[in-house]
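Data block below; observations after.
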């Protein structure tokens, strides 16, 4: 692969020629020469330089974005060829939305490491929209998102069902009701929800629309764990995945509000960009399917 792109990416990410040279085990003049040669090839300056900083200009932003994709594709090509004769090994970049990434993915990674210790996973946790963008730009080998994805640019597959319930603090008045309540009885409650762009927020919005319901007050928080802690503290109620509630429900930190028509069901889907999969990626997908199938079977009998 053209080393000019690797040097350029490193300079951009370190924002400094000398730091990039140190990490690349090169001299600073050599790094500068690579950058000048790349700029001559492209036909324009890519970086704004001063004694204090190195920054991308508009042309540099375009080159950096595509250079990252080129490097990712080259690395994937290398491991695909290597896989023809070797066992599953090497890096795999995994992305997941928050619910799956924080409460399910660690168990899958642990199981995969027992079976294939030569695989080296790196994990990024973002909301659903950001995971889709990272898979689309080849920054991730695979993404696991909440909901169903419909776009021909990526390969999508539903891998598990997710049940979502409404939870409240242990002494909340809604938990004292003996029978199921109607959704309309939640009109006066404060709802603690994820931000727009997250799969969990999309599920909540879909549930509200389905019940022709408009929450009177919404508080937006950026993580499921923060939402659970806030609900436990009595700030309001929330719609949360059952996958994320095992410890809280078992220990009585939160209670499930019995609402007519719930649990609300959605899906977890996997997204990939390339038609070719390394052995490492295949092993991860197989492990994921096995884990969610076995865990889902156990939950049905609880």
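In full-length UniProt numbering, the protein residues as written are 1 to 302. No residue lacks a Cβ here, since even glycine has one placed at the ideal position from N, Cα and C.
For the candidate residues the options, whose alpha-carbon lies nearest to that of residue i?
| i | options | result |
| --- | --- | --- |
| residue 202 | 282, 97, 151, 118 | 97 |
| residue 191 | 105, 210, 221 | 221 |
| residue 228 | 206, 168, 54, 108 | 168 |
| residue 43 | 51, 55, 63, 240 | 63 |
| residue 213 | 194, 183, 195 | 183 |
| residue 105 | 152, 194, 226, 144 | 144 |
| residue 211 | 253, 200, 249, 260 | 260 |
| residue 273 | 93, 9, 52 | 93 |
| residue 235 | 170, 251, 241, 206 | 170 |
| residue 41 | 73, 8, 24, 25 | 8 |
| residue 75 | 225, 208, 2 | 2 |
Per the DSSP calculation, residue i is bridged to which residue(s)?
| i | result |
| --- | --- |
| residue 56 | 47 |
| residue 165 | 240 |
| residue 190 | 217 |
| residue 147 | According to DSSP, which records beta bridges pairwise, residue 147 is partnered with nothing at all. |
| residue 91 | 120 |
| residue 36 | Residue 36 is not bridged to any residue. |
| residue 271 | 143, 156 |
| residue 181 | 259 |
| residue 265 | 163 |
| residue 96 | 125, 144 |
Apart from the five residues just before and just after residue i, which ones in its own chain have a Cβ nearer than 8 Å to its Cβ?
| i | result |
| --- | --- |
| residue 21 | 27, 28, 30, 31 |
| residue 112 | 119, 121, 283, 284, 287 |
| residue 237 | 166, 167, 168, 172, 174, 186, 189, 190, 191, 192, 231, 257 |
| residue 116 | 87, 88, 89, 280, 283 |
| residue 155 | 271, 272, 273, 275 |
| residue 265 | 161, 162, 163, 164 |
| residue 23 | 10, 14 |
Does the ligand FMN have a heavy atom nearer than 7 Å to the CB of residue i?
| i | result |
| --- | --- |
| residue 43 | Absent from the structure shown: the ligand FMN. Ligands present: none. |
Can you round the beta-carbon distance between residue i and residue j to whole angstroms, since I take them to be within the 8 Å contact cut?
| i | j | result |
| --- | --- | --- |
| residue 263 | residue 163 | 4 Å |
| residue 128 | residue 223 | Not quite, the Cβ-Cβ distance comes to about 14 Å (not below 8 Å), so this is no contact. |
| residue 267 | residue 148 | 6 Å |
| residue 135 | residue 292 | With 8 Å as the limit, residue 135 and residue 292 do not qualify as a contact, their Cβ atoms being about 19 Å apart. |
| residue 15 | residue 54 | 5 Å |
| residue 69 | residue 137 | 6 Å |
| residue 195 | residue 269 | About 20 Å separates the two Cβ atoms, so there is no contact after all. |
| residue 99 | residue 146 | 6 Å |
| residue 37 | residue 4 | 6 Å |
Within a Cβ cutoff of 6 Å, which residues of the same chain sit near residue i, ignoring the five residues on either side of it in sequence?
| i | result |
| --- | --- |
| residue 103 | 243, 244 |
| residue 141 | 92, 93, 281 |
| residue 47 | 54, 60 |
| residue 295 | none |
| residue 215 | 191 |
Tell me which residues share the same chain as residue i and place their Cβ nearer than 7 Å to its Cβ, disregarding the 5 neighbours each side in the sequence.
| i | result |
| --- | --- |
| residue 218 | 191, 193 |
| residue 17 | 11, 28, 31, 32, 54 |
| residue 302 | Only weak support exists for where residue 302 lies, its pLDDT of 49 falling under 50; the value from the coordinates is given anyway. There are no such residues. |
If you measure from the beta carbon of residue i to each beta carbon in chain B, is any gap under 8 Å?
| i | result |
| --- | --- |
| residue 106 | Absence of chain B from the displayed structure is noted, only one protein chain being present. |
Mind pulling the beta strand (DSSP E) runs of 3 or more residues that sit fully within the stretch 106 to 137? 119 to 125
Quick one: which unbroken alpha helix (DSSP H) runs of 4-plus residues sit fully inside the stretch 213 to 260? Chain order, please. 224 to 232, 246 to 251
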